[in-house]
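A.B. asks: Sequence lines, in order, name chains A, B and C. To convert, note that position 117 of the first sequence is 117 in this note's numbering; the numbers rise steadily by one, no gaps. To convert, note that position 68 of the second sequence is 1068 in this note's numbering; the numbers rise steadily by one, no gaps. To convert, note that position 55 of the third sequence is 2055 in this note's numbering; the numbers rise steadily by one, no gaps.
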Amino acid sequence: MANQQRGFCYTPHVAFSATLEHGGAYGPFNTDKTLVFNKLITNIGDAYSNATGIFVAPVAGIYYFTFFYHAGGKSKSRLILCKDGESIVMSSDHSTSTDGADNGGNAAVLQLKEGDQVYVHMAKDTHVWAAETQTSFSGFLISPM
Amino acid sequence: MANQQRGFCYTPHVAFSATLEHGGAYGPFNTDKTLVFNKLITNIGDAYSNATGIFVAPVAGIYYFTFFYHAGGKSKSRLILCKDGESIVMSSDHSTSTDGADNGGNAAVLQLKEGDQVYVHMAKDTHVWAAETQTSFSGFLISPM
Amino acid sequence: MANQQRGFCYTPHVAFSATLEHGGAYGPFNTDKTLVFNKLITNIGDAYSNATGIFVAPVAGIYYFTFFYHAGGKSKSRLILCKDGESIVMSSDHSTSTDGADNGGNAAVLQLKEGDQVYVHMAKDTHVWAAETQTSFSGFLISPM
């Protein structure tokens, strides 16, 4: 973390956004999957890995995370924001024969210890649209604590 | 508020997230209702009450609020982020016979005085999905002011 | 920017929210359009213009932006968060004959230089619902940098 004192005020900078770009419809798969949001928009503090999809808290603090997704109607969707194996908030959509597509997302404020891991899981047998920057994952440190 | 000076920098910590867990479809009701997001994820500063659904600003400042929801297609949905009785931002969905479900949400930056109240209203004759952490309400202090 | 030192801690205040209010369905048009979110909710620091729809970064730093929208099913929707002519994140919906309406949104953390411009584009031949505070654009400075 290359953070400096700024006047009298030390604030570590931790903030990222990335999108899921795997060429179009992604899934369904026969197991749960950690979504690897591979295209970086911002990654200040390098706490998010676009090789694994996992954010690792570099300092204890209060963080905000949010994800948004697009999904075609052929299969259902089920995306879950997770912290160290625990499901925090979820968003899903049914499959439909008539509605071409749907959108969803969710968000959470989390108090993390240094080293806590946060990521987005896609439930098995569900899918998402992984193209055109429509499906994204973002997070930032609100305040160290 | 158990806030301390942190080095030279005083930052009060106010941040919460909670989900709506009332066993599945919730509503429609014949009056407007304040949604009681009863399952706490985070509640630093204890400014949000999971008994009433109401956030009360502990200090004057700039805050960010967001909500996300899931709703089945049988009834319409209409959720409104409110501040002291005033509607700020809204999200709705029609009822449909064919699309099993829809998602929505909204967000706002608000400048609050100490004691201002922020909450999510569900309009009468509408409904929401209150299970599986799909419907959530979050907020945090960006900066005291 | 009328910011002051606050104790020992200088934090410039930059935060806005606005909604799109143009009387109902808005579009489709035969060219791309910058959406003018004309009804201000909050505009601390006056960095967002509700005459042009454009946010201009008053200081270099890490910012968070998000938009949410509602759209009827008659036409498709395609909204894009842009920075200085570059597409950052997008959200879209198909047209459908059966589903009355859909919702969407997206978000991004951006590292901006002073003067960088951020706004929401609506792609040509698409539409959005511009009424009832359902379609909104918000942003704030997380940290100067």
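Glycine included, every Cβ here is placed at the ideal spot set by N, Cα and C. It should be emphasised that the depicted structure is a prediction, and the values quoted were computed from it without experimental measurement.
When DSSP builds the beta bridges, which residues end up paired with Q2117 (chain C)?
C.D. replies: C:V2056
A.B. asks: What are the residues of the region 2082-2095 of chain C that lie near chain A, defined by any Cβ-Cβ distance shorter than 9 Å?
C.D. replies: S2087, I2088, V2089, M2090, S2091, S2092, D2093, H2094 and S2095
A.B. asks: Just tell me which of A:D32, A:F67, A:T52 and A:S49 has its CA closest to the CA of G1105 (chain B).
C.D. replies: Out of A:D32, A:F67, A:T52 and A:S49, A:F67 has the C-alpha closest to the C-alpha of G1105 (chain B).
A.B. asks: Consider the Cβ of V118 (chain A): report whether some Cβ of chain B lies at a distance smaller than 8 Å.
C.D. replies: no
A.B. asks: Would a C-beta distance cut-off of 8 Å place G177 (chain A) and V128 (chain A) closer than the cut-off?
C.D. replies: In the structure as shown, chain A starts at 1 and stops at 145, and residue 177 (chain A) therefore has no counterpart that could be examined.
A.B. asks: I1062 (chain B) versus chain C: which residues are under 8 Å apart at the beta carbon?
C.D. replies: Here the neighbours are H2013, A2015, T2042, I2044 and F2140.
A.B. asks: Taking just the CA atoms, how far does F55 (chain A) sit from E2021 (chain C)?
C.D. replies: 38 Å
A.B. asks: How about Q1111 (chain B): is its C-beta nearer than 8 Å to some C-beta of chain A?
C.D. replies: Taking Cβ atoms only, chain A never reaches closer than 8 Å to Q1111 (chain B), which makes this a no.
A.B. asks: Mind listing, in chain order, the continuous beta strand (DSSP E) runs of no fewer than 3 residues lying wholly within the region 1061-1098 of chain B?
C.D. replies: 1061-1072, 1077-1083 and 1086-1093
A.B. asks: Between V1118 (chain B) and F1065 (chain B), is the Cβ-Cβ spacing less than 8 Å?
C.D. replies: yes
A.B. asks: Excluding sequence positions up to five away, which residues of its chain have a Cβ less than 7 Å from the Cβ of I62 (chain A)?
C.D. replies: V109, Q111, I142, S143 and M145
A.B. asks: How is the beta strand (DSSP E) around A1101 (chain B) delimited, first residue to last?
C.D. replies: A1101 to L1112
A.B. asks: CB A1018 (chain B) to CB K1039 (chain B), shorter than 8 Å?
C.D. replies: yes
A.B. asks: Under 8 Å between the Cβ atoms of G115 (chain A) and A57 (chain A)?
C.D. replies: yes
A.B. asks: Verify the CB distance criterion: does T1022 (chain B) have a CB-CB separation below 8 Å to chain A?
C.D. replies: In the sequence as presented, Thr is not what sits at residue 1022 (chain B); that position holds His. With 8 Å as the cut-off, H1022 (chain B) does not count as an interface residue toward chain A.
A.B. asks: Going along chain B, which residues have a C-beta under 9 Å from F2068 (chain C)?
C.D. replies: T1066, V1089, S1091, G1104, G1105, N1106 and A1107
A.B. asks: Indicate, with yes or no, if the ligand SAM has a heavy atom lying under 7 Å from the CB of G1027 (chain B).
C.D. replies: As presented, the structure is devoid of all ligands, the ligand SAM included, so that no description of it is given.
A.B. asks: Taking the straight line between their C-alpha atoms, what separation do you get for G1073 (chain B) and G45 (chain A)?
C.D. replies: About 42 Å.
A.B. asks: If we cut at 8 Å on Cβ distances, does Q4 (chain A) have a partner in chain B?
C.D. replies: Legend: pLDDT at Q4 (chain A) = 40, less than 50; position of this residue unreliable, value from coordinates given subsequently. No, Q4 (chain A) lies away from the interface with chain B (no Cβ there is under 8 Å from its Cβ).
A.B. asks: Kindly give me the distance between the Cβ atoms of S2095 (chain C) and K2124 (chain C), rounded to whole angstroms, as I take these residues to be in contact under 8 Å.
C.D. replies: 14 Å between Cβ atoms; not a contact.
A.B. asks: Please classify T31 (chain A): is it buried, with 16 or more other beta-carbons within 10 angstroms of its beta-carbon, or exposed?
C.D. replies: exposed
A.B. asks: Of all the residues that make up the region 2125-2139 of chain C, which are near chain B by a beta-carbon distance shorter than 8 Å?
C.D. replies: E2132, T2133, Q2134, S2136, S2138 and G2139
A.B. asks: Can you find the residues in the same chain that come closer than 8 Å, C-beta to C-beta, to M90 (chain A), ignoring five residues on each side of it along the sequence?
C.D. replies: Contacts found: R78, L79, I80, L81 and N106.
A.B. asks: One question on the structure: do N50 (chain A) and N2103 (chain C) come within less than 8 Å of each other, judged by their Cβ atoms?
C.D. replies: no
A.B. asks: Under 7 Å Cβ-Cβ, which residues of chain C neighbour T19 (chain A)?
C.D. replies: At a beta-carbon threshold of 7 Å, the residues of chain C lying near T19 (chain A) are V2089, ordered along the chain.
A.B. asks: Please determine, among C:F2016, C:T2034 and C:K2113, the residue with the shortest C-alpha to C-alpha distance to T2126 (chain C).
C.D. replies: Comparing Cα positions, the closest option is C:T2034.
A.B. asks: Taking the alpha carbon of F2029 (chain C) as the reference point, which residue from C:H2121, C:G2139, C:F2137 and C:E2086 has its own alpha carbon closest?
C.D. replies: C:H2121
A.B. asks: What number of angstroms, rounded off, separates the C-alpha of S2138 (chain C) from the C-alpha of V1059 (chain B)?
C.D. replies: 22 Å
A.B. asks: Determine the burial state of T2052 (chain C): buried for a count of at least 16 other Cβ atoms within 10 Å of its Cβ, exposed for fewer.
C.D. replies: exposed
A.B. asks: Between A2101 (chain C) and chain B, is the shortest Cβ-Cβ distance under 8 Å, so that the two count as touching?
C.D. replies: yes
A.B. asks: Closest by CA to S1087 (chain B), which one among C:P2012, C:E2132, C:F2037 and C:V2036?
C.D. replies: Considering only alpha carbons, the answer is C:E2132.
A.B. asks: At the level of alpha carbons, what is the spacing between T1042 (chain B) and D1084 (chain B)?
C.D. replies: If I take the Cα positions, the gap works out to 23 Å.
A.B. asks: Hey, S136 (chain A) and F16 (chain A): beta-carbon distance below 8 Å or not?
C.D. replies: Contact annotation: S136 (chain A) and F16 (chain A) have beta-carbon atoms that are not nearer than 8 Å.
A.B. asks: With DSSP as the reference, identify every bridge partner of G139 (chain A), one or two as the case may be.
C.D. replies: A:F16 and A:F65
A.B. asks: Would DSSP call N43 (chain A) helix, strand or coil?
C.D. replies: strand
A.B. asks: Output the distance between the C-alpha atoms of C9 (chain A) and F140 (chain A), rounded to the nearest integer angstrom.
C.D. replies: At C9 (chain A) the pLDDT is 49, less than 50, meaning the model places this residue with poor confidence and gives no usable figure here.
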